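Student: My numbering puts the first residue of the sequence shown at 15, with every later residue one more than the last.
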Amino acid sequence: MNSILFKRRGSRASFLTGRIAVCIFLFVSCASFASLQKAVSNKTLVAWVYCSNLAQRGGGVLSIEKSGGIFDAIVFGEIQPQKWMAGSDFHKRTAKNQDNWPKETSDPNTLIQIAIVYDGNDAAIYRNGQAYSRYSLDTPAVSFGTDSFVVLGRRHLDSSGGIFIGSIEDARIYDVALTQNQIKSLKPDVSSEPAPAAWWDFESAKPIDRTGAFPVYYLFGNARTYNGRLLLPDETSFLVCAPEGNKISENIELSRMIDDSRRLRLLFLNDKYRPGYHFVSPEGICMPFDVNGGIYWHGRYHLFYIFQDSAGRHCWGHISSTDLVHWRQHPTALEPKPGDPETGIFSGNCFINQRSQAVILYHGVGAGNCIALSNDEELNIWIKFPANPIVPIPQPGDPNYGKYESWDPFGWLEASIYYAIFGGNPPTLFAKTGTQW
Numbered sequence: 015m016n017s018i019l020f021k022r023r024g025s026r027a028s029f030l031t032g033r034i035a036v037c038i039f040l041f042v043s044c045a046s047f048a049s050l051q052k053a054v055s056n057k058t059l060v061a062w063v064y065c066s067n068l069a070q071r072g073g074g075v076l077s078i079e080k081s082g083g084i085f086d087a088i089v090f091g092e093i094q095p096q097k098w099m100a101g102s103d104f105h106k107r108t109a110k111n112q113d114n115w116p117k118e119t120s121d122p123n124t125l126i127q128i129a130i131v132y133d134g135n136d137a138a139i140y141r142n143g144q145a146y147s148r149y150s151l152d153t154p155a156v157s158f159g160t161d162s163f164v165v166l167g168r169r170h171l172d173s174s175g176g177i178f179i180g181s182i183e184d185a186r187i188y189d190v191a192l193t194q195n196q197i198k199s200l201k202p203d204v205s206s207e208p209a210p211a212a213w214w215d216f217e218s219a220k221p222i223d224r225t226g227a228f229p230v231y232y233l234f235g236n237a238r239t240y241n242g243r244l245l246l247p248d249e250t251s252f253l254v255c256a257p258e259g260n261k262i263s264e265n266i267e268l269s270r271m272i273d274d275s276r277r278l279r280l281l282f283l284n285d286k287y288r289p290g291y292h293f294v295s296p297e298g299i300c301m302p303f304d305v306n307g308g309i310y311w312h313g314r315y316h317l318f319y320i321f322q323d324s325a326g327r328h329c330w331g332h333i334s335s336t337d338l339v340h341w342r343q344h345p346t347a348l349e350p351k352p353g354d355p356e357t358g359i360f361s362g363n364c365f366i367n368q369r370s371q372a373v374i375l376y377h378g379v380g381a382g383n384c385i386a387l388s389n390d391e392e393l394n395i396w397i398k399f400p401a402n403p404i405v406p407i408p409q410p411g412d413p414n415y416g417k418y419e420s421w422d423p424f425g426w427l428e429a430s431i432y433y434a435i436f437g438g439n440p441p442t443l444f445a446k447t448g449t450q451w
């Protein structure tokens with residue numbers, strides 16, 4: 015998939031003043047939409063658009079699609095130039111003979127309403143509430159279920175081209191076949207009866223479906239919302255919307271993460287002060303900017319560092335290298351989890367214990383100093399000690415309160431005795447004999 019983003023639209027008054035309203039409708043029958051509020055046997059696609067270029071061919075305005083490239087859509091100029099049509103996969107539900115259909119002649123400042131209706135085995139197209147074309151379907155109606163999603167500005171997701179260049183003022187899917195009078199009564203950005211099953215009016219900061227049927231969205235290329243419209247300025251621009259849990263919504267989230275990664279990489283490349291030789295943590299502020307837990311283990315140098323996750327909690331990142339020059343990222347080593355005594359992972363170190371296990375001695379925020387163990391060759395799996403913290407933070411009323419503080423530890427094994435220096439004022443040396451520190 016291409017890159018994606020979504021933006022906001024403002025007032026639409028300045029776009030409509032002194033302009034002619036043109037309207038086209040498409041009705042499409044389908045057995046069910048699991049993402050919509052109820053199963054439907056017929057449907058209506060409606061869109062109000064501005065067409066920037068009458069010479070463009072095959073651009074989709076509004077398409078309902080499912081896996082396998084199966085779709086029904088409002089399409090402009092695919093079979094014959096300047097003519098609206100009901101697009102579909104391999105033209106299975108599309109009228110091929112369009113010789114007597116009127117050509118679109120509106121200028122780029124004229125608002126056009128298009129609707130296409132599949133009602134049983136019949137399809138009807140309306141422009142500005144007036145009959146444009148009607149025909150019988152050659153193949154049975156298609157069922158759109160849980161894998162359905164919506165594309166605005168492109169004929170269908172896998173099409174080569176098929177981009178509509180212009181802007182969309184309002185787009186809707188109805189789960190019934192509207193009558194011609196109902197179509198005539200519709201107005202952009204105004205609610206209707208019956209209510210649409212999916213509705214984009216582009217009046218909010220993001221191009222969201224107001225009904226919530228297709229809440230996951232992504233803007234591709236230069237598509238954006240502005241002043242009450244979805245702007246589709248070029249052949250890179252379209253919008254995809256999907257229900258939660260849909261495979262397409264997962265791909266959308268992946269595309270968003272890829273875009274974020276690219277933007278972050280570009281930001282780093284343009285930072286002339288960013289080190290090009292020494293390792294620099296790949297994410298976040300990583301306060302307080304110190305490394306932790308350096309250790310040589312199974313032929314690799316391992317290094318840990320503090321970073322803050324999306325909730326602001328301190329965690330330990332993890333990298334490793336065979337030569338201290340080329341570094342490999344590992345999964346997060348330590349983070350606070352439900353049931354842990356600590357609310358974050360702060361400074362500490364790593365060493366080898368008497369059982370040849372790797373040990374991390376770390377400060378558990380809000381709890382005290384803690385340990386975690388690993389036998390994993392990659393040090394990707396760490397098990398926290400069930401009795402953490404091994405030395406709690408002394409609290410008022412505790413006999414040790416004021417004698418030491420339990421944070422920022424550094425531990426090691428010497429002969430058969432474990433030692434650790436704990437940070438504080440003053441720092442304190444601890445030794446472990448038996449089970450007690």
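Cβ coordinates follow ideal geometry from the N, Cα and C atoms, glycine included. All values reported here derive from a predicted model rather than from experimental measurement.
Judging by CA-CA distance, which residue of 432, 352, 313, 368 is the nearest neighbour of residue 392?
Tutor: By one-based count along the sequence shown, residue 392 stands at place 378. The option with the nearest alpha carbon to residue 392 is 313.
Student: Report the option in 333, 281, 157, 255 whose CA atom is closest to the CA atom of residue 292.
Tutor: In the sequence shown, the residue the question calls residue 292 occupies position 278. It is 333 whose Cα lies nearest to the Cα of residue 292.
Student: With residue 295 and residue 321 assumed to form a contact (beta carbons below 8 Å), what rounded beta-carbon distance in angstroms separates them?
Tutor: Here residue 295 is taken as the residue at index 281 of the sequence shown, counted from 1. Here residue 321 is taken as the residue at index 307 of the sequence shown, counted from 1. The Cβ separation is near 6 Å, so the contact holds.
Student: Output the distance between the C-alpha atoms of residue 78 and residue 277, rounded to the nearest integer angstrom.
Tutor: Numbered from its first residue, the sequence shown carries residue 78 at position 64. Numbered from its first residue, the sequence shown carries residue 277 at position 263. Approximately 31 Å between the Cα atoms of the pair.
Student: Using the C-alpha atoms, what's the distance from residue 112 back to residue 126?
Tutor: Within the sequence shown, the letter at position 112 stands for residue 126. Within the sequence shown, the letter at position 98 stands for residue 112. Whole-angstrom Cα-Cα distance: 20 Å.
Student: So who's on the other strand from residue 167, going by DSSP bridges?
Tutor: Locating residue 167 in the sequence shown gives position 153, counting from the first residue. BP columns for residue 167 are empty, so no partner.
Student: With three or more C-beta pairs closer than 8 Å as the rule, is the stretch 137 to 146 touching the stretch 61 to 77?
Tutor: no
Student: Identify every run of the alpha helix (DSSP H) within the stretch 175 to 244, keeping only runs that are complete inside it and at least 4 residues long; order them along the chain.
Tutor: 194 to 199
Student: So the beta strand (DSSP E) residue 314 belongs to, where does it begin and stop?
Tutor: The sequence position of residue 314 within the sequence shown is 300, counting from 1. Residue 314 -> beta strand (DSSP E) spans 314 to 322.
Student: Below 9 Å between beta carbons: does that hold for residue 110 and residue 96?
Tutor: Position 96 of the sequence shown, counted from the first residue, corresponds to residue 110. Position 82 of the sequence shown, counted from the first residue, corresponds to residue 96. Not a contact, by the Cβ cut-off of 9 Å.
Student: Under a Cβ-count criterion, where at least 16 other Cβ atoms within 10 Å of its own Cβ denotes burial, should residue 318 be classed as buried or exposed?
Tutor: Mapped onto the sequence shown, residue 318 falls at position 304. Residue 318 should be labelled buried.
Student: Rounded to whole angstroms, what's the CA-CA distance from residue 72 to residue 339? Just pull it up for me.
Tutor: Taking the first residue of the sequence shown as 1, we reach residue 72 at position 58. Taking the first residue of the sequence shown as 1, we reach residue 339 at position 325. Distance between the alpha carbons of residue 72 and residue 339 is about 52 Å.
Student: Taking its Cβ as the centre, do 16 or more other Cβ atoms sit within 10 Å of residue 303, making it buried, or is it exposed?
Tutor: Counting from one through the sequence shown, the residue named residue 303 turns up at place 289. Around the beta carbon of residue 303, fewer than 16 other beta carbons lie within 10 angstroms, which makes this residue exposed.
Student: Who pairs with residue 109 in a beta bridge, going by DSSP?
Tutor: Position 95 of the sequence shown, counted from the start, is the residue given in the question as residue 109. According to DSSP, residue 109 bridges with nothing at all.
Student: Closer than 8 Å by C-beta to residue 464: which residues in its own chain qualify, once you throw out the five before and the five after it? Chain order, please.
Tutor: Outside the shown range of the chain (15 to 451) lies residue 464, about which nothing can therefore be said.
Student: Let me check understanding here. Comparing Cα to Cα, which of 438, 445, 84, 253 lies closest to residue 426?
Tutor: The residue you call residue 426 lines up with position 412 of the sequence shown. The residue with the shortest Cα to Cα distance from residue 426 is 445.
Student: Does DSSP classify residue 435 as helix, strand or coil?
Tutor: In the sequence shown, residue 435 corresponds to position 421, counting from 1. DSSP, reduced to helix, strand and coil, places residue 435 within a strand of the structure shown.
Student: Please classify residue 527 as buried or exposed, where buried requires at least 16 other C-beta atoms within 10 Å of its C-beta.
Tutor: Nothing about residue 527 can be read from this structure; the chain reaches only from 15 to 451.
Student: Does the beta-carbon distance from residue 402 to residue 363 come in below 9 Å?
Tutor: Within the sequence shown, residue 402 is the residue found at index 388, counting from 1. Within the sequence shown, residue 363 is the residue found at index 349, counting from 1. With contacts defined by Cβ atoms closer than 9 Å, residue 402 and residue 363 do not form a contacting pair.
Student: If you reduce the DSSP assignment to three classes, tell me which class residue 450 lands in.
Tutor: The residue given as residue 450 occupies position 436 in the sequence shown. Of the three classes helix, strand and coil, the one that applies to residue 450 here is strand, per DSSP.
Student: Evaluate the contact criterion for the stretch 262 to 272 versus the stretch 180 to 187: three or more CB pairs, one atom per stretch, below 8 Å.
Tutor: Contact fails: fewer than three Cβ-Cβ distances are below 8 Å.
Student: Can you check DSSP and say which residues form a bridge with residue 418?
Tutor: In the sequence shown, residue 418 corresponds to position 404, counting from 1. Per DSSP, 415.
Student: Helix, strand or coil: which one does DSSP assign to residue 265?
Tutor: Translated into positions along the sequence shown, residue 265 becomes position 251. In the structure shown, residue 265 sits in a helix (DSSP, three-state: H, G or I).
Student: Can you tell me which of the three DSSP states residue 301 falls into?
Tutor: Taking the sequence shown and counting its residues from 1, one reaches residue 301 at position 287. Residue 301 falls in the coil class under three-state DSSP.
Student: Can you round the beta-carbon distance between residue 107 and residue 133 to whole angstroms, since I take them to be within the 8 Å contact cut?
Tutor: Position 93 of the sequence shown, counted from the first residue, corresponds to residue 107. Position 119 of the sequence shown, counted from the first residue, corresponds to residue 133. In fact, because the Cβ distance is near 12 Å, the residues do not count as touching under 8 Å.
Student: By a C-beta neighbour count over all protein chains shown, 10 Å radius and 16 as the cutoff for buried, is residue 326 buried or exposed?
Tutor: Taking the sequence shown and counting its residues from 1, one reaches residue 326 at position 312. Counting Cβ neighbours within 10 Å, residue 326 comes out exposed, since fewer than 16 surround it.
Student: Taking the alpha carbon of residue 369 as the reference point, which residue from 387, 284, 415 has its own alpha carbon closest?
Tutor: Position 355 of the sequence shown holds residue 369. Looking at the Cα atoms, 387 is the closest of the given residues.
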